[in-house]
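Heads up, the thing below is written out as structure tokens.
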Amino acid sequence: MIIGNVVGNVWATRKNDSLIGLKLMIVRRLDVCRGEETESFVAVDLVGAGIGERVLVTTGSAARQSPELSNTLVDAAIIGIIDEVEVQAEM
Amino acid sequence: MIIGNVVGNVWATRKNDSLIGLKLMIVRRLDVCRGEETESFVAVDLVGAGIGERVLVTTGSAARQSPELSNTLVDAAIIGIIDEVEVQAEM
Amino acid sequence: MIIGNVVGNVWATRKNDSLIGLKLMIVRRLDVCRGEETESFVAVDLVGAGIGERVLVTTGSAARQSPELSNTLVDAAIIGIIDEVEVQAEM
Amino acid sequence: MIIGNVVGNVWATRKNDSLIGLKLMIVRRLDVCRGEETESFVAVDLVGAGIGERVLVTTGSAARQSPELSNTLVDAAIIGIIDEVEVQAEM
Amino acid sequence: MIIGNVVGNVWATRKNDSLIGLKLMIVRRLDVCRGEETESFVAVDLVGAGIGERVLVTTGSAARQSPELSNTLVDAAIIGIIDEVEVQAEM
Chain A
22 MIIGNVVGNV WATRKNDSLI GLKLMIVRRL DVCRGEETES FVAVDLVGAG IGERVLVTTG
82 SAARQSPELS NTLVDAAIIG IIDEVEVQAE M
Chain B
22 MIIGNVVGNV WATRKNDSLI GLKLMIVRRL DVCRGEETES FVAVDLVGAG IGERVLVTTG
82 SAARQSPELS NTLVDAAIIG IIDEVEVQAE M
Chain C
22 MIIGNVVGNV WATRKNDSLI GLKLMIVRRL DVCRGEETES FVAVDLVGAG IGERVLVTTG
82 SAARQSPELS NTLVDAAIIG IIDEVEVQAE M
Chain D
22 MIIGNVVGNV WATRKNDSLI GLKLMIVRRL DVCRGEETES FVAVDLVGAG IGERVLVTTG
82 SAARQSPELS NTLVDAAIIG IIDEVEVQAE M
Chain E
22 MIIGNVVGNV WATRKNDSLI GLKLMIVRRL DVCRGEETES FVAVDLVGAG IGERVLVTTG
82 SAARQSPELS NTLVDAAIIG IIDEVEVQAE M
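What follows is the structure in structure tokens.
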């Protein structure tokens, strides 16, 4: 899974039927070891995430293991709101 | 999912039968946070996208969840036309 | 899917049985927007491609949707010979 | 599979039900040939790994082949604690 | 599929049961067009490969199409020993 920051929303009126009713958010990947943000992508929110929150994202067929997404064309989902990350100092 | 700009078309007369009748478009990935375009690839259009439109693309086995593509050799599909992207300023 | 140029062949006498009889070709990925060739990889040819041809390649489980490859250990296949690519000028 | 060092833990109170009871760890990928650490990501621990240990990680649908993870939204799992890596000198 | 050089072995006593009895090798990816070695990773050997040999590797769910690996947590397998690679000069 990937850690990321939710940075925005996406709206699409014309879209595949399987996406109707899903909340599409823009997530920017965060490397917690290097403390740097890298590429951004779009994920469906499954946990009520808001902009500015740090989240856990799953990608690929894993996203469709959720009953809400099982027959959709979704390849990424926000599956947790991160409370805390603890990283050891350089070992 | 990925955000991209539709930048072109691809034609192939000799191809796998499962691709017959599908519209193949060239999409260039766009990172909306950094405002930069990165690599390009080919996706099948499922929503009537045109050149110059900003689209949402799904990749991998997700693309084949669509009934039109279920038994094809397709690994990427355009699944929405993006109306608006709202990204928060640096947080 | 990916656009690439077929640049070579690979021969392997000792191999997994599921690969017997398949033609393995080296494809070098081409980014048609930036006009640059990037990494190379090996794909099974499904359309009679030859060295020097520009082709369409599918990756991952999509390749095994083809009846010829359904029970093989293949993760990439050449599925079309590209006649023409039309890319719009910078938009 | 990937070799990595376990460098931390992640806590998320609000999360998808399929993650309840799973231990989420931060792993930093290690390239044993170049001796450099690269990107970090989150994996579910299946073998009792601790911070500071070198581990083997599987990604994608492979992680869900484990009975404990078969219906979860997990896309990466720690599947071994590495005792020893033997790499030949430059050949 | 990927071409790589087998450069080492990995030992793990504590590991997921599905890995018992499998030979884990370190493979370093080779780009035959650019003549450069890139990242390394771990793959299960299915063809009796030895250190120093050039091999063909499949990744993702393709690896589990092999009967020996069908219910394992494996995401990469060595599926051929390469006898010869023929790459055309710059075209």
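In the order they appear, the protein sequences are chains A, B, C, D and E.
So the first sequence is numbered by my numbering: it starts at 22 and just counts up by one.
So the second sequence is numbered by my numbering: it starts at 22 and just counts up by one.
So the third sequence is numbered by my numbering: it starts at 22 and just counts up by one.
So the fourth sequence is numbered by my numbering: it starts at 22 and just counts up by one.
So the fifth sequence is numbered by my numbering: it starts at 22 and just counts up by one.
All residues carry an ideal CB built from backbone N, CA and C; glycine is no exception.
Predicted model, so just to flag it, every value in this text is computed and none were measured.
| said: With H, G and I counted as helix, E and B as strand and the rest as coil, what does DSSP make of residue 77 of chain A? | reply: Within the first sequence, the letter at position 56 stands for residue 77 of chain A. In the three-state DSSP reduction, residue 77 of chain A falls in the strand class (E or B).
| request: Name, in chain order, the residues that DSSP records as bridge partners for residue 49 of chain B. | output: Locating residue 49 of chain B in the second sequence gives position 28, where the first residue counts as 1. Paired residue(s): B/26 and B/61.
| Which residue or residues does DSSP assign as beta-bridge partners of residue 105 of chain E? | Position 84 of the fifth sequence holds residue 105 of chain E. For residue 105 of chain E, which the question treats as bridged, DSSP gives the partners C/32.
| said: What does the Cβ neighbour count give for residue 49 of chain C, buried or exposed, with the cut at 16 atoms within 10 Å? | reply: Counting from 1 along the third sequence, the entry for residue 49 of chain C is found at position 28. A residue is called buried once 16 or more other Cβ atoms fall within 10 Å of its Cβ, and residue 49 of chain C is buried on that count.
| field | Pairwise C-alpha distance: residue 95 of chain E and residue 13 of chain C | value | Any question about residue 13 of chain C goes unanswered here, given that chain C covers just 22 to 112.
| said: Check whether the segment 24-37 of chain A and the segment 61-77 of chain A touch, using three or more Cβ-Cβ pairs below 8 Å as the test. | reply: Because the criterion of three Cβ pairs below 8 Å is met, the segment 24-37 of chain A and the segment 61-77 of chain A touch.
| said: So residue 100 of chain C and residue 78 of chain C are supposed to be a Cβ contact under 8 Å. How far apart are they, rounded? | reply: On the third sequence, residue 100 of chain C is found 79 positions in, with the first residue counted as 1. On the third sequence, residue 78 of chain C is found 57 positions in, with the first residue counted as 1. Yes, residue 100 of chain C and residue 78 of chain C are in contact; Cβ-Cβ is about 7 Å, under 8 Å.
| Closer than 7 Å, Cβ to any Cβ of chain B: which residues of the segment 31-60 of chain C, in chain order? | 52, 53 and 54
| task | Determine, using beta carbons only, whether residue 28 of chain D comes closer than 9 Å to chain A. | result | As a position in the fourth sequence, residue 28 of chain D is number 7, starting the count at 1. The beta carbon of residue 28 of chain D sits closer than 9 Å to some beta carbon of chain A.
| said: Whole angstroms are fine: how far does the CA of residue 108 of chain C sit from the CA of residue 91 of chain D? | reply: Here residue 91 of chain D corresponds to residue number 70 of the fourth sequence, with the count starting at 1. Here residue 108 of chain C corresponds to residue number 87 of the third sequence, with the count starting at 1. When rounded, the distance between both Cα atoms is 43 Å.
| Per-residue contacts from residue 82 of chain C into chain E (C-beta, under 9 Å) | For the purposes of this step, residue 82 of chain C is taken as residue 61 along the third sequence, with counting starting at 1. Correct list: 81, 82 and 83.
| task | Can you grab the Cα-Cα spacing for the pair residue 86 of chain A / residue 37 of chain D, in whole Å? | result | For this step, residue 86 of chain A is matched to residue 65 along the first sequence. For this step, residue 37 of chain D is matched to residue 16 along the fourth sequence. For residue 86 of chain A and residue 37 of chain D, the distance between alpha carbons rounds to 11 Å.
| query | Going straight from the alpha carbon of residue 44 of chain C to that of residue 97 of chain C, what length do you get? | reply | Position 23 of the third sequence, counted from the first residue, corresponds to residue 44 of chain C. Position 76 of the third sequence, counted from the first residue, corresponds to residue 97 of chain C. Spanning the two alpha carbons is a distance of roughly 12 Å.
| field | Distance CB(residue 65 of chain D)-CB(residue 84 of chain D) smaller than 9 Å | value | Within the fourth sequence, numbered from 1, the residue matching residue 65 of chain D stands at position 44. Within the fourth sequence, numbered from 1, the residue matching residue 84 of chain D stands at position 63. Yes, they are a contact pair.
| task | Could you tell me whether any Cβ in chain A is nearer than 9 Å to the Cβ of residue 67 of chain D? | result | On the fourth sequence, position 46 is the one that residue 67 of chain D refers to. No, because no Cβ of chain A sits closer than 9 Å to the Cβ of residue 67 of chain D.
| Short CB-CB distance (under 9 Å) between residue 24 of chain D and chain A | As a first step, residue 24 of chain D is located in the fourth sequence; it is residue number 3 there, counting from the start. Cβ-Cβ to chain A under 9 Å: no for residue 24 of chain D.
| Own chain, CB closer than 7 Å to residue 103 of chain B, minus 5 neighbours either side, in chain order | As a working note, residue 103 of chain B is residue 82 in the second sequence. Taken in chain order, the residues that qualify are 24, 75, 76 and 77.
| message | Residues of chain D with CB closer than 7 Å to the CB of residue 98 of chain E, please, in chain order. | response | In the fifth sequence, residue 98 of chain E corresponds to position 77, counting from 1. By Cβ distance, chain D contributes nothing, its closest Cβ being about 10 Å from residue 98 of chain E, past 7 Å.
| query | Buried or exposed: where does residue 34 of chain E fall if 16 or more other Cβ atoms within 10 Å of its Cβ makes it buried? | reply | Counting from 1 along the fifth sequence, the entry for residue 34 of chain E is found at position 13. Residue 34 of chain E should be labelled exposed.
| task | Could you round the C-beta distance between residue 81 of chain B and residue 81 of chain C to whole angstroms and report it? I think they count as a contact, below 8 Å. | result | Taking the first residue of the second sequence as position 1, residue 81 of chain B is located at position 60. Taking the first residue of the third sequence as position 1, residue 81 of chain C is located at position 60. The pair is a contact, with the Cβ atoms about 6 Å apart (cut-off 8 Å).
| Is DSSP giving residue 84 of chain D helix, strand or coil here? | Numbered from 1 along the fourth sequence, position 63 holds the residue referred to as residue 84 of chain D. Residue state, collapsed to three classes: helix.
| said: Within 9 Å of any Cβ in chain A, is that where the Cβ of residue 95 of chain B sits? | reply: What you label residue 95 of chain B is simply residue 74 of the second sequence in a count that begins at 1. Interface residue (Cβ-Cβ distance to chain A less than 9 Å): residue 95 of chain B is not classified as such.
| Thinking C-alpha only, which one of A/31, A/105 and A/88 is nearest residue 39 of chain D? | As a working note, residue 39 of chain D is residue 18 in the fourth sequence. Nearest of A/31, A/105 and A/88 to residue 39 of chain D, Cα basis: A/88.
| field | Cutoff 9 Å: residue 63 of chain C Cβ touching any chain E Cβ | value | To locate residue 63 of chain C, count along the third sequence from 1; it is residue 42. Judged by the 9 Å Cβ criterion, residue 63 of chain C is in contact with chain E.
| field | Span separating the alpha-carbon of residue 22 of chain B from that of residue 58 of chain C | value | Counting from 1 along the second sequence, the entry for residue 22 of chain B is found at position 1. Counting from 1 along the third sequence, the entry for residue 58 of chain C is found at position 37. If I take the Cα positions, the gap works out to 25 Å.
| message | By alpha-carbon positions, which one of B/31, B/60, B/32 and B/53 ends up nearest to residue 4 of chain A? | response | Chain A is shown from 22 up to 112; residue 4 of chain A falls before or after that span and cannot be answered.
| said: With a threshold of 9 Å between beta carbons, is residue 101 of chain C in contact with chain B? | reply: On the third sequence, position 80 is the one that residue 101 of chain C refers to. Yes, its Cβ sits closer than 9 Å to a Cβ of chain B.
| said: Residues in the same chain with beta-carbon distance under 8 Å from residue 106 of chain C, minus the five sequence neighbours each way, listed in chain order, please. | reply: Position 85 of the third sequence, counting from 1, holds the residue named residue 106 of chain C. So the list reads 24, 53 and 75, once near-sequence residues are dropped.
| Own chain residues within Cβ distance below 8 Å of residue 31 of chain D, not counting five before or after | Sequence index remark: in the fourth sequence, residue 31 of chain D carries index 10 (1-based). Its chain contains 45, 46, 47 and 63 as the residues whose beta carbon lies nearer than 8 Å to that of residue 31 of chain D, once the 5 sequence neighbours on both sides are disregarded; these appear in chain order.
| message | For residue 51 of chain E and residue 55 of chain D, I'd like the C-alpha separation in whole angstroms. | response | For the purposes of this step, residue 51 of chain E is identified with residue 30 of the fifth sequence, where counting begins at 1. For the purposes of this step, residue 55 of chain D is identified with residue 34 of the fourth sequence, where counting begins at 1. Their backbone Cα atoms lie some 14 Å apart in a straight line.
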